[in-house]
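Asks:
Chains as they are written, first to last, in the working numbering: chain A, 1 to 270; chain B, 1 to 160.
Encoded structure:
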């Protein structure tokens, strides 16, 4: 199909153009859209992109770390402000993919992709659409299909009091890396040896990254040891909806979810 | 069909061509310019055989919108040798039997070149990481890793 490409200097113009067309898709790093083009996707005939520098900024704004939607995984790894997210970005693809794949694009990556978004979910991130108010990532993901017409400008992450409270693991079948069997991101703040307001999110255990709400509840006020996490492990598969795909079956993902959760919580990995 | 003019540097020499809108860099290189060294493998970012360097950094040319390299520097395997003198990586790949069917080789070479340009004496682990986005379906990874390490040991000069 003949394709046309429209490039805008301002992200707001790009967002308006996207909203005004039913047959346009927005191009971030290209790893999703160009793949669709290569596979002859007939659902769009226009590619919209922007060169707006706002999408390439990483900045601390008050209590928020703001990451431009056009920041690539390699840029996350290289930037000091986002160093705590480097272990997550490193698990996304090989070097070439990481030089292309963006934070904004990952928000739209279908399961089993989207590990970076799972981390953002655990970090209680908000997303900033062009010409709109910030919305919680959770709200955005719950209506992701409807939100496909949005152009994302940036992601806001509340400042972590203790970056060591953030943990992440991605489980793959091949080394050093591969597509996720599952991933877990967790923020585990401790107060006097007890967990307070832990946030846990899963990648590849549902149609989109999901919070493990039952696990979070079961961890409240507990200590991070075998006895303290027992109840959380008992409810580890509650609320998950794993896909069966060429990487793993629904059954297998349910079997291993508590195993990897336990290792992550007890720090038995890495 | 609308065509767009694109100008970029390919292996150090200027290129100016007309490309169909929406075409990817790999198509422009192979069909537009006639550089057949980068290969089309999966078309979905999984195999890495289309890897080229854009401003020295590896990219998947099949997923790169061609017009985004306007004014940029692109390197492919075709630019590795200087006349009859092969690049250290090319010598090392031959000496270590690092090519079996050869389909992944151009991508492996470019991923390895990006690594050695940045890090002239990588560890084995760093080599594995650098080629982790490139699939060798013959599964001949060990000779490839050994070749990259051998090229590094040769100091990037003529190998052997």
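Ideal Cβ positions, reconstructed from N, Cα and C, are used throughout, including at glycine.
Might you give, ordered along the chain, the residues of its own chain that have their beta carbon closer than 6 Å to the beta carbon of residue 270 (chain A), omitting 5 neighbours on each side?
Replies: The predicted position of residue 270 (chain A) is uncertain, since its pLDDT is 49 and thus under 50; a value taken from the coordinates is nonetheless stated next. If we look at residue 270 (chain A) and ignore the five residues flanking it on each side, it has no Cβ neighbours.
Asks: Verify the CB distance criterion: does residue 27 (chain A) have a CB-CB separation below 8 Å to chain B?
Replies: Closer than 8 Å: yes.
Asks: For the alpha helix (DSSP H) that residue 113 (chain B) lies in, which residues bound it at each end?
Replies: Counting along the chain, the alpha helix (DSSP H) containing residue 113 (chain B) begins and ends at 105-118.
Asks: So residue 143 (chain B) is in the alpha helix (DSSP H); what residue range does that whole segment cover?
Replies: It spans 141-153 - the alpha helix (DSSP H) in which residue 143 (chain B) sits, taken as one unbroken run.
Asks: Could you tell me the boundaries of the alpha helix (DSSP H) in which residue 103 (chain A) lies?
Replies: Run containing residue 103 (chain A): 103-106, per the alpha helix (DSSP H) assignment.
Asks: Starting from residue 167 (chain A), trace the beta strand (DSSP E) in both directions and tell me its first and last residue.
Replies: Per DSSP, residue 167 (chain A) belongs to the beta strand (DSSP E) from 166-172.
Asks: Pick helix, strand or coil for residue 247 (chain A), following the three-state DSSP scheme.
Replies: Coil.
Asks: What residues in its chain sit with their C-beta under 6 Å from that of residue 36 (chain A), if we drop five residues either side in the sequence?
Replies: For residue 36 (chain A), where only same-chain residues beyond five positions count, there are no Cβ hits under 6 Å.
Asks: With a 10 Å radius around its C-beta and 16 neighbouring C-beta atoms as the bar for buried, classify residue 208 (chain B) as buried or exposed.
Replies: With chain B covering only 1 through 160, there is no way to say anything about residue 208 (chain B).
Asks: Determine the direct distance from the alpha carbon of residue 135 (chain B) to that of residue 90 (chain B), and round the result to whole angstroms.
Replies: Cα to Cα, the separation comes out at about 18 Å.
Asks: Taking three-plus beta-carbon pairs below 8 Å as touching, is the segment 64-72 of chain A in contact with the segment 15-23 of chain A?
Replies: Because the criterion of three Cβ pairs below 8 Å is not met, the segment 64-72 of chain A and the segment 15-23 of chain A do not touch.
Asks: Would residue 78 (chain B) count as contacting chain A if we go by Cβ distances under 8 Å?
Replies: Answer no: the Cβ-Cβ gap between residue 78 (chain B) and chain A never drops below 8 Å.
Asks: Could you tell me the distance, in whole angstroms, from the CA atom of residue 188 (chain A) to the CA atom of residue 197 (chain A)?
Replies: Residue 188 (chain A) and residue 197 (chain A): Cα-Cα distance of roughly 7 Å.
Asks: Between the alpha carbons of residue 96 (chain A) and residue 72 (chain A), how many angstroms are there, rounded?
Replies: Their backbone Cα atoms lie some 11 Å apart in a straight line.
Asks: Pick out whichever of A:121, A:129, A:32 and A:166 has its Cα sitting closest to the Cα of residue 15 (chain A).
Replies: The option with the nearest alpha carbon to residue 15 (chain A) is A:129.
Asks: Is there at least one Cβ from chain A nearer than 8 Å to residue 65 (chain B)'s Cβ?
Replies: Yes, residue 65 (chain B) lies at the interface with chain A (some Cβ there is under 8 Å from its Cβ).
Asks: Taking only three categories from DSSP, how would you classify residue 83 (chain B)?
Replies: Coil, per DSSP.
Asks: If we call anything under 8 Å between Cβ atoms a contact, is residue 24 (chain B) one with residue 77 (chain B)?
Replies: No, the pair does not count as a contact, with Cβ atoms beyond the cut-off.
Asks: Could you tell me which residues DSSP puts in a beta bridge with residue 59 (chain B)?
Replies: Bridge partners of residue 59 (chain B): B:52.
Asks: Pull up the distance between the alpha-carbon of residue 8 (chain B) and that of residue 100 (chain A), whole angstroms please.
Replies: Taking the straight line joining both Cα atoms gives about 19 Å.
Asks: Can you tell me the Cβ-Cβ gap for residue 203 (chain A) and residue 241 (chain A), rounded? I've got them flagged as a contact below 8 Å.
Replies: The pair is not a contact, with the Cβ atoms about 13 Å apart (cut-off 8 Å).
Asks: By alpha-carbon positions, which one of A:224, A:69 and A:18 ends up nearest to residue 193 (chain A)?
Replies: Among A:224, A:69 and A:18, the Cα nearest to that of residue 193 (chain A) belongs to A:224.
Asks: How far does the alpha helix (DSSP H) with residue 140 (chain A) in it reach, from first residue to last?
Replies: Segment 137-142, the alpha helix (DSSP H) holding residue 140 (chain A).
Asks: Determine the DSSP secondary structure at residue 14 (chain B), reduced to helix, strand or coil.
Replies: Correct three-state label for residue 14 (chain B): strand.
Asks: Name the residue from B:132, B:137 and B:112 whose alpha carbon lies nearest to the alpha carbon of residue 149 (chain B).
Replies: Considering only alpha carbons, the answer is B:112.
Asks: Using a Cβ cut-off of 7 Å, which residues of the segment 93-116 of chain A contact any Cβ in chain B, in chain order?
Replies: Within the segment 93-116 of chain A, the qualifying residues are 93, 94, 95, 96, 97, 99 and 100.
Asks: Quick one: is residue 93 (chain B) buried, meaning 16 or more other Cβ sit within 10 Å of its Cβ, or exposed?
Replies: Buried, since its Cβ has 16 or more Cβ neighbours within 10 Å.
Asks: Identify, in the order they occur along the chain, each residue of the same chain with its Cβ nearer than 6 Å to the Cβ of residue 146 (chain B), setting aside the five sequence neighbours on each side.
Replies: Cβ within range, chain order: 96.
Asks: Buried or exposed for residue 139 (chain B), going by 16 or more other Cβ atoms inside 10 Å?
Replies: It is exposed - the Cβ of residue 139 (chain B) has fewer than 16 other Cβ atoms within 10 Å.
Asks: Provide the residue span of the alpha helix (DSSP H) that contains residue 37 (chain A), from first to last.
Replies: Its alpha helix (DSSP H) spans residues 33-38.
Asks: Under the three-state reduction of DSSP, which class applies to residue 74 (chain A): helix, strand or coil?
Replies: Helix, per DSSP.
Asks: Using a Cβ cut-off of 9 Å, pull out every chain A residue sitting near residue 11 (chain B), in sequence order please.
Replies: Ordered by position in chain A, no residue passes the 9 Å Cβ test against residue 11 (chain B), which lies about 18 Å from the chain.
Asks: Looking at residue 81 (chain A): is its Cβ nearer than 8 Å to the Cβ of residue 57 (chain A)?
Replies: Cβ distance not < 8 Å, so residue 81 (chain A) and residue 57 (chain A) don't count as in contact.
Asks: Which residues share a DSSP beta bridge with residue 190 (chain A)?
Replies: In DSSP, residue 190 (chain A) forms a bridge with A:195.
Asks: According to DSSP, which residues form a beta bridge with residue 99 (chain A)?
Replies: Residue 99 (chain A) pairs with nothing; no bridge assigned.
Asks: Closest to residue 20 (chain B) by C-alpha separation, out of B:71, B:38, B:31 and B:61, would be which residue?
Replies: It is B:31.
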